[in-house]
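Throughout the sequence shown, residue numbering follows our numbering, covering 3 to 254 in sequence.
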Amino acid sequence: MVRFDLVSIFPRFFDGPLGEGIVKRAVEAGLVDIRVHDLRDHTADRHRSVDDVAYGGGPGMVFKPDPIVRAVEAIAAEGGRPDAIILTSPQGRRFTQAEAVRLSGLRHLVVLCGRYEGIDERIHEFFDLEELSIGDYVLSGGELAALVMVDAVVRLVPGAVGDEQSVELDSFTRGLLDYPHYTRPADFRGVRVPDVLLSGHHAEIERWRKTQALARTLARRPDLLPDAELDDDEREILRALMARKGEDDGRD
Ligand code: ADE
């Protein structure tokens with residue numbers, strides 16, 4: 003069982019996404035426990051204020067440390083010390099599949115959804131806070147980033163996705179993009195499925211899929227290749243693809 007405590011100033015934001023699909027089923031099956039907390043419930047002033055202007059001036063508001071510290075303390079008092087406290091932030095380390103795998107092995111995660119210009123930096127004096135970013139763009143708030151992380155982690159919890167093999171074969175699990183997929187009909191408005199997939203020849207199908215996955219990765223995400231886990235076949239296919247690409251580039 004993995005427990006998530008999500009802390010946000012927009013707790014209703016999560017109702018739709020957590021109420022659908024694999025995440026909903028995982029909650030219903032008791033594989034994960036997801037609790038959403040309203041940061042304003044942890045304020046101590048009449049106005050329930052969570053933010054204030056920045057010392058030193060400049061645009062935008064900053065989350066005050068007090069409600070965040072109180073929210074985390076309340077979660078720890080009720081649910082025990084969390085294994086990780088994450089702050090969603092464009093300043094964070096990149097959230098990757100490897101991070102999702104790491105987090106799926108923990109039992110209790112707190113995710114603080116950032117907003118505005120960020121949180122008062124002194125928050126780091128109170129807990130080990132990991133800042134994670136889902137990509138190099140700025141969202142209007144961390145709620146979507148938190149949902150991305152919850153979704154990516156939940157589907158790795160054993161039993162959450164019906165077909166375990168489909169999780170193991172995911173793109174990124176081995177650091178490559180996925181090969182193309184086809185389903186019936188074999189001929190759709192005159193466009194045919196590649197013959198090899200209809201051949202029933204398993205070894206050839208596997209080689210075709212490896213080649214496609216490598217060719218796509220080479221064309222679209224060559225940055226992934228140095229860290230990809232390749233078998234001997236794949237290394238040979240990649241060498242051939244790169245040699246051909248070298249020839250093509252030379253001709254341009
Ligand atoms: N908050 C705003 N932008 C973000 C991003 N790219 N990742 C995580 N949290 C964010």
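In this text, a Cβ means the ideal position worked out from N, Cα and C, and glycines have one as well.
Here the C-alpha atom of S51 lies approximately 34 Å from the C-alpha atom of E30. Straight across, the Cα-Cα distance linking D254 with A147 is about 41 Å. Where A86 is concerned, the enclosing beta strand (DSSP E) starts and stops at 86 to 96.
For L240, the enclosing alpha helix (DSSP H) begins and ends at 234 to 253.
Burial state of A154 is buried, judged by a 10 Å Cβ sphere holding 16 or more other Cβ atoms. For S51, there is no enclosing beta strand (DSSP E), as DSSP marks it with neither H nor E. The residues A230, E231, in chain order, have a CB closer than 7 Å to that of R176 in the same chain once the five nearest residues on each side in sequence are set aside. Around the Cβ of F128, a 10 Å sphere holds fewer than 16 other Cβ atoms; the residue is exposed.
One thing to note: V113 has its Cβ no nearer than 8 Å to the Cβ of I136. Distance from R241 to R109 at the Cβ level is roughly 43 Å; contact not present, criterion being Cβ atoms closer than 8 Å. With a cut-off of 7 Å, the C-beta of T90 is classified as near the ligand ADE, since at least one heavy atom of the ligand falls inside that distance.
Rounded to whole angstroms, W210 and E145 show a C-alpha spacing of 40 Å.
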